[in-house]
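Novice: Below is one structure. I have some questions about it.
In this note's numbering, the protein residues as written are 366 to 1530.
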């Protein structure tokens, strides 16, 4: 903050009692469409109370929406750099965007920006409003709030009904907030309210204004900029080059709250304001506590891109080797020596990287397209404006200076928009190139353009009190995690077993000393360490020492030798350095519309020392063979294992249920949820189990000592808490943590194995439970049996000192008719910890929704909503006709959107035609939006022009690939056993109606003529390779899709031209042409629209239907085909037609021209 005696902020003099931020003027001048700013100015010499100035600014350029919803480079750069260096923004895009337009003009969309210093006092009320009304809550004090409503009501050229609908939404919002605090409504209301607003207003009113007056009279709201204390022009909107004036922009407040207004003014027209609206600036005063700005981040982060250069890599390794020479013969005899060497090599890696490699710098470039042409145009506009002001600001259209100023400003506006478009076009051309040559960079660019949700916590509500100060928030988070990682004592826990475990651990310590065949008895080798380090992933976050994997990965052989010595010293001395034991916890919001004020909706992620994570991986690699040999993970556990997935877990669960229901049995399933599973692992119990699983010697002692001395610090914003001990739980972020958790709950299946419950599948396997990490699903054929299983799990949790979350635990009854379910649900009761468990009609397992009556409608609707959300996100990222080439865009949809929408599709077996249509509409919508086709475009044309399969084809593909995965599994796998049994039952027992995956996959195999492969597997056990099966599946589905597509084309007469031009199910050659010539993308999109049978509305308007024939209103000729007439016959375009033929003759060879001109009219088209 710079203190100045006199400065101008949008032509308002700030007195010498105020300090002002010199960035504000530049930021506001560069504002895009409808940006509202909350800007803070500090009052000097007043340490306790501060002055808040709310500048509500309304520049409205006629292009697009505020990021993250638009993609024009100016806005995206503005948003990105504003958020990084100055503050935050939030907005809603229009739900009626015209994605075919270059500028994406929408009929709605509003946004709010605020400075970073205010973020702790800002709360976004997402549940209120719509795409024209958003609400931001500003906390002025613990008891006083201000609600700022950003409003953009429909313009006068829309129906009054639409206007009243939006006004009703605004009325509901105001009604909700009226008694809760100060209300400020700011924006474009598109209504003439006459003298109602205040003395400074026009007399005229319109229907919109009268509707507005009726509402605002009830709320006693008045226009601030229509009051006598407001200065500047009365009008806020100029149309027709300034000849039509009106006041449609307002800041409304309650009459009894107008005393908060310190001043208000309407800014004069300025050459830099390319909008037809004038900004209204209002200063409000409130006594509040000053929020200190965040200090600048002084850490220099290394950019590792240059390390790919062999010369740079060699320099880095050479420098590291030279600095490491002092440790070549260093003997590590104790823990202090290890800490000394570890600290030394950490400093060497960090300093060497900073000396050799460049550092990342965030350089805000708000206008990357700015050049001398724009600068000269703006200079000319300003000179014309100064000349116009010198003549007294005349607004007569006959005045030369006025016309000259408006013409210069218009030229500046056109040039400005053209440069924006050219820059965007270049960006998308580069992205098209990245898609072909560098997919990783392409994904980064797409992700950067998509909406990003911040998981940072800036406020919490504790016992009804809102906490915003970062120091207090830090203490709250520290207390939260310290309590979370402290063992909870409960009277229901088994204290006798706890004493037994503690006594056993003491004996295990003595027994461990005599174990000589431990996995860590053999020293680590340099080759073992180097092989692991060279496979480390890039772009991962480091710990407190600022090292990342790249520091180690590229350090070279000599460093690997020193690192091996450090690890062997740790192994031999069983001494863990303090720097390896400590971690930093960051709180990340879980999302999914949870309450951001509740600390339980955040997940603590621990950032650990990189060297420690590498040591964890070395130990885990040696431990895994022993754990696997001793039955870890359990056969019913599907988490954290190569070759196993959530879909396979759901397959086991669903097929077991189908097996029982086919035999007319009901299945009762309980889905248990462990509360804070990773964070509440009983440490003594974990090492008790590890010892009994074969980890007994040096590795057991080393891990026990490591986890006994763990500590963490909590990070919040730029602050770090004091360290505290971790006394329970395994850190989320540790390499070995997932496997330790699998060891901890590995005996759940054993606890249930002695019970005569579950589902027996032909006496070969009994499915009692299915595990996915901490998610436990229990299956029983009886009510009492399920209660016994729940009671067993309850006793297990008390024994091992953790809790199940009763509110998130639910039960589903499968195989029961809906009417029967309604009668029986009141009679059934299951309890956990004495509390009743809810019985539901459906529940989600492994991300797949399951229904008790096997209906898939709810699941289909949910997945369709997800698909639509992905389409909207991709459209914002550039998947649209004015953005990426449709070939590139639709590939993004098939690789990103479809897998999201079809998650779990491998097991969808009862999809109806209606459900296929629901999903297909999303697929067609994506295809049409990517190409800019009209909504009425035939599906065959929309999908065929990009070579896109139907949804049914995509679902068939994932199911056939899942079949190959099942066939390739080991015979001992649970899912393979169930598959074989179910397959045998399908072919051998034809009396029962079959359900589930098997009958569906047999139908699909027969559909594509692939049934012989299953027959061959049954007879010989032979399975094609994955690559050959994938090629075969693609070829078969492609051929089937091609035939279906051609049949659809033949019954659509309006697609005659499309059928003649495009005969294969692959992208149109026109789109490949657009890829080679991006400047013609918009023109080619128009041609594709015509080819798909979309007649422009302008042509349709001049066609007169006279019953048996159609007449052209221009040439009065008969029309047999609209396109044919206007391109080949209509006399109104004869000159353009002759020019076209001349150009063809000039550009094409004589033979080609002859072949074209020898065609009839239809052939030419």
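Every residue, glycine too, gets a C-beta built ideally from N, C-alpha and C. Just so we're clear, the structure is a prediction, and the values are computed from it rather than from any experiment.
Residue 508 to residue 1174, Cα distance in whole Å?
Specialist: One C-alpha to the other measures close to 38 Å.
Novice: If I measure Cβ to Cβ from residue 983 and keep anything under 8 Å in the same chain, skipping five residues before and after, which residues do I get?
Specialist: For residue 983, where only same-chain residues beyond five positions count, the Cβ hits under 8 Å are 889, 893, 894, 897, 932.
Novice: Of the residues 687, 1407, 976, 707, which one's Cα is nearest the Cα of residue 696?
Specialist: It is 707.
Novice: From what residue to what residue does the beta strand (DSSP E) around residue 488 run?
Specialist: From DSSP, the beta strand (DSSP E) with residue 488 extends over 487-489.
Novice: I'd like to know if the stretch 580-593 and the stretch 559-572 are in contact, where contact means that at least 3 CB-CB pairs between them fall below 8 Å.
Specialist: The stretch 580-593 vs the stretch 559-572: in contact.
Novice: Can you give the Cα-Cα distance for residue 656 and residue 483, rounded to whole angstroms?
Specialist: Its pLDDT being 39, under 50, residue 656 is placed unreliably by the model, and the measurement read from it follows with that caveat. Approximately 7 Å between the Cα atoms of the pair.
Novice: Are the CB atoms of residue 476 and residue 529 nearer to each other than 8 Å?
Specialist: It is not a contact, given that the beta carbons lie outside the stated cut-off.
Novice: Is the stretch 1196-1216 touching the stretch 1177-1186, taking contact as three or more C-beta pairs under 8 Å?
Specialist: The answer is yes - the stretch 1177-1186 touches the stretch 1196-1216, with three or more Cβ pairs under 8 Å.
Novice: So for residue 641, helix, strand or coil by DSSP?
Specialist: Reduced to three states, the DSSP call for residue 641 is coil.
Novice: Can you tell which of 1144, 1160, 908 has the C-alpha that lies nearest to the C-alpha of residue 1020?
Specialist: The shortest C-alpha separation from residue 1020 is found at 1144.
Novice: Express the C-alpha separation of residue 1234 and residue 1255 in angstroms, rounding to a whole number.
Specialist: Each residue's alpha carbon lies about 15 Å from the other.
Novice: Pull the bridge partners of residue 1196 from the DSSP assignment, please.
Specialist: 1201, per the DSSP bridge assignment.
Novice: Could you check the C-alpha separation between residue 654 and residue 836 for me, to the nearest Å?
Specialist: Because the pLDDT of residue 654 is 46, which lies under 50, any placement of that residue in the model is unreliable, and the question is left without a value.
Novice: Does the stretch 1329-1349 touch the stretch 1291-1307, meaning 3 or more C-beta pairs lie closer than 8 Å?
Specialist: Output reads no: the stretch 1329-1349 does not touch the stretch 1291-1307.
Novice: Taking the continuous beta strand (DSSP E) assigned at residue 1442, which residues delimit it?
Specialist: No beta strand (DSSP E) holds residue 1442; DSSP gives it neither H nor E.
Novice: Do you know how far the Cα of residue 480 is from the Cα of residue 366?
Specialist: For residue 366, the predicted model reports a pLDDT of 29, less than 50, meaning its position is unreliable and no value from the coordinates is stated.
Novice: Could you tell me which whole beta strand (DSSP E) segments of length 3 or greater appear in the stretch 948-993?
Specialist: For the stretch 948-993, whole beta strand (DSSP E) runs of length 3 or above, ordered along the chain, are 967-972.
Novice: Taking 8 Å as the cut-off, decide whether the C-beta atoms of residue 1236 and residue 1257 are in contact.
Specialist: Cβ atoms of residue 1236 and residue 1257: not closer than 8 Å.
Novice: Identify which residue in 1150, 972, 762, 937 has its Cα closest to the Cα of residue 914.
Specialist: Nearest option by C-alpha distance: 972.
Novice: Quick check: residue 1077 and residue 1445, are their CB atoms within less than 8 Å of each other?
Specialist: No, Cβ-Cβ distance for residue 1077 and residue 1445 is not below 8 Å.
Novice: Counting only the same chain and skipping the five closest in sequence on each side, list residues whose C-beta sits under 7 Å from that of residue 943.
Specialist: So the qualifying residues of the chain are 704.
Novice: Excluding five sequence neighbours on each side, which residues of the same chain lie with their C-beta closer than 8 Å to the C-beta of residue 831?
Specialist: Closer than 8 Å at the Cβ level, and outside the excluded window around residue 831, lie 504, 507, 824, 825, 962.
Novice: Hey, would you say residue 1108 sits closer than 8 Å to residue 1284, going by beta carbons?
Specialist: In this structure, residue 1284 does not lie closer than 8 Å to residue 1108 by Cβ.
Novice: Would a C-beta distance cut-off of 8 Å place residue 1202 and residue 1035 closer than the cut-off?
Specialist: For residue 1202 and residue 1035, yes; Cβs fall inside 8 Å.
Novice: Might you give, ordered along the chain, the residues of its own chain that have their beta carbon closer than 7 Å to the beta carbon of residue 1320, omitting 5 neighbours on each side?
Specialist: The answer, listed in chain order, is 1267, 1270, 1273.
Novice: Give the secondary structure of residue 713 by DSSP, where H, G and I count as helix, E and B as strand, and everything else as coil.
Specialist: The answer is helix: DSSP assigns residue 713 an H, G or I state.
Novice: Just verifying my parser: in three-state terms, what is the DSSP assignment at residue 846?
Specialist: Looking at residue 846 - three-state DSSP - the assignment turns out to be helix.
Novice: If you run the structure through DSSP and keep just helix, strand and coil, what is residue 1267?
Specialist: Three-state DSSP puts residue 1267 in coil, outside helix and strand.
Novice: Under a three-way DSSP split, which group does residue 557 fall into?
Specialist: Coil, per DSSP.
Novice: Report the rounded CA-to-CA distance for residue 1517 versus residue 736, giving the unit in angstroms.
Specialist: Roughly 44 Å between the two C-alpha positions.
Novice: Decide yes or no for the touch test of the stretch 1192-1211 against the stretch 1148-1168: beta carbon pairs closer than 8 Å, at least 3 of them.
Specialist: Cβ pair count under 8 Å is three or more, so yes.
Novice: Please state the DSSP three-state secondary structure of residue 1138.
Specialist: DSSP places residue 1138 in coil when its eight states are reduced to three.
Novice: Which one of 650, 1098, 822 has the shortest CA to CA distance from residue 967?
Specialist: The shortest C-alpha separation from residue 967 is found at 822.
Novice: As a quick exercise: from 743, 1102, 1455, pick the residue whose alpha carbon is nearest that of residue 1492.
Specialist: It is 1455.
Novice: Who are the Cβ neighbours of residue 827 in its own chain at under 8 Å, not counting the five residues just before and after it?
Specialist: So the list reads 841, 964, once near-sequence residues are dropped.
Novice: From the DSSP secondary-structure annotation, give me the bridge partner or partners of residue 1427.
Specialist: Answer is none; residue 1427 lacks a bridge partner.
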